[in-house]
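K.L.:
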Amino acid sequence: MTLKELSVGETGAVAGYTPSARAYRRKLLSMGLTPGTEFRITRIAPMGDPVEIQVRGFKLSLRRDEADALQVEKR
């Protein structure tokens with residue numbers, strides 16, 4: 001499942017990264033999105049880009065390409 005499949009208010013956890021996401025993987029890891037990290041969707045822009053999540057006590061906005069790089073599991 002990817003991040004864009006979740007709705008506002010739903011929670012999830014980072015399960016991993018897509019194999020083609022090498023360019024974004026290091027960036028996402030440095031922002032605290034390590035496997036097992038829980039997050040909550042707080043906002044989604046009207047056109048779906050960007051998505052705002054709350055993770056580790058701060059809010060983070062991810063563009064569609066970055067969000068597609070994340071594999072998540074719904075909690």
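Letter 55 of the sequence shown, counting from 1, is numbered 55 in the working numbering, and no numbers are missing.
C-beta atoms are modelled at their ideal positions from N, C-alpha and C, and glycine is treated no differently.
To the nearest angstrom, report how far apart Met1 and Gly57 are at their CA atoms.
P.N.:
Along the sequence shown, one-based indexing puts residue 1 at 1. Along the sequence shown, one-based indexing puts residue 57 at 57. Taking the straight line joining both Cα atoms gives about 23 Å.
K.L.:
Does Glu52 come out as helix, strand or coil in the three-state DSSP assignment?
P.N.:
Numbered from 1 along the sequence shown, position 52 holds the residue referred to as residue 52. Residue state, collapsed to three classes: strand.
K.L.:
Can Ile41 and Gly9 be called in contact, C-beta distance under 8 Å?
P.N.:
Residue 41 sits at position 41 when you count from the first residue of the sequence shown. Residue 9 sits at position 9 when you count from the first residue of the sequence shown. In contact: Ile41 and Gly9 (Cβ atoms closer than 8 Å).
K.L.:
Name the DSSP beta bridge partners of Lys59, please?
P.N.:
Residue 59 sits at position 59 when you count from the first residue of the sequence shown. Per DSSP, Gln54.
K.L.:
Could you pull the DSSP bridge partners for Arg26 from this structure?
P.N.:
If you number the sequence shown from 1, residue 26 lands on position 26. Bridge partners of Arg26: none, in fact.
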